[in-house]
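Some notes on the structure that comes next.
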Amino acid sequence: MVAALAIMVTLTGCAQTDPRVKAIEAARSTYEELQESIEAGLGRLPAEDFREYLIEVNGLGEAASLIGFTDEQIRQDAYSLQYGVARTLDASQQGDVGTALLFVSGYYETGGGLSYVQETAYSCFTVTIDLPAQEIIDIADARCSDAVYAIVDEQDDVDLSELQS
0 MVAALAIMVT LTGCAQTDPR VKAIEAARST YEELQESIEA GLGRLPAEDF REYLIEVNGL
60 GEAASLIGFT DEQIRQDAYS LQYGVARTLD ASQQGDVGTA LLFVSGYYET GGGLSYVQET
120 AYSCFTVTID LPAQEIIDIA DARCSDAVYA IVDEQDDVDL SELQS
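Numbering (numbering that gives the first Met the number 0), first residue to last: 0 to 164.
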């Protein structure tokens, strides 16, 4: 009986999913939803005043805006940054090209008890858009802002390539 119980416990332990993998999968889902919302809204982006537009409409796609927030205001949003969100951290425009610095995260936790585990994964990246043509030119890994790194653990940062399908 004890041997059967030990085998069952061992097999159950082997079947557990890696929380880190699940957190990355959750971040990937957040990224994919954000990408779809950005592509759907490309036709509404202005050719001028890109940054001001993103402040006015509260971000790019479904990524709520933190543009112009102080470090303290960003820290107040700290709790949500770890739980599967998308945020617009900054934006700029050079001629006809607009660039937004974005943040996405994913979260996973096990059921609890003695083996309770929480895991977060996030990535910061830029989306560069040809505004008159209303098309994405580039999506690239980027460093998050210092205010974000003051909130989230840099060990939870994943390369953008891990989120792209």
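Heads up, the beta-carbon is just placed ideally off N, CA and C, and yes, glycines get one too. Since the model is a prediction, treat every value here as computed from it, not as a measurement.
Residue i, buried or exposed, once every other Cβ within 10 Å from all chains shown has been counted against 16
i	result
V126	buried
L113	exposed
G58	buried
V157	buried
G111	exposed
G60	buried
Residues of its chain near residue i, where Cβ-Cβ distance is below 6 angstroms and the 5 sequence neighbours each way are ignored
i	result
Y82	Y106
Q117	E108
A146	D70, I73
K21	Y107
For residue j and residue i, the rounded distance between their alpha carbons
i	j	result
A99	I138	10 angstroms
D129	Y115	46 angstroms
I37	A25	19 angstroms
S91	F49	7 angstroms
Q154	Y30	19 angstroms
A120	I23	5 angstroms
Close Cβ partners of residue i (< 7 angstroms) along its chain, the five nearest in sequence each way excluded
i	result
L65	I73, D76, R86, T87, L88
Quick one: which unbroken alpha helix (DSSP H) runs of 4-plus residues sit fully inside the segment 22-69? Chain order, please.
49-55
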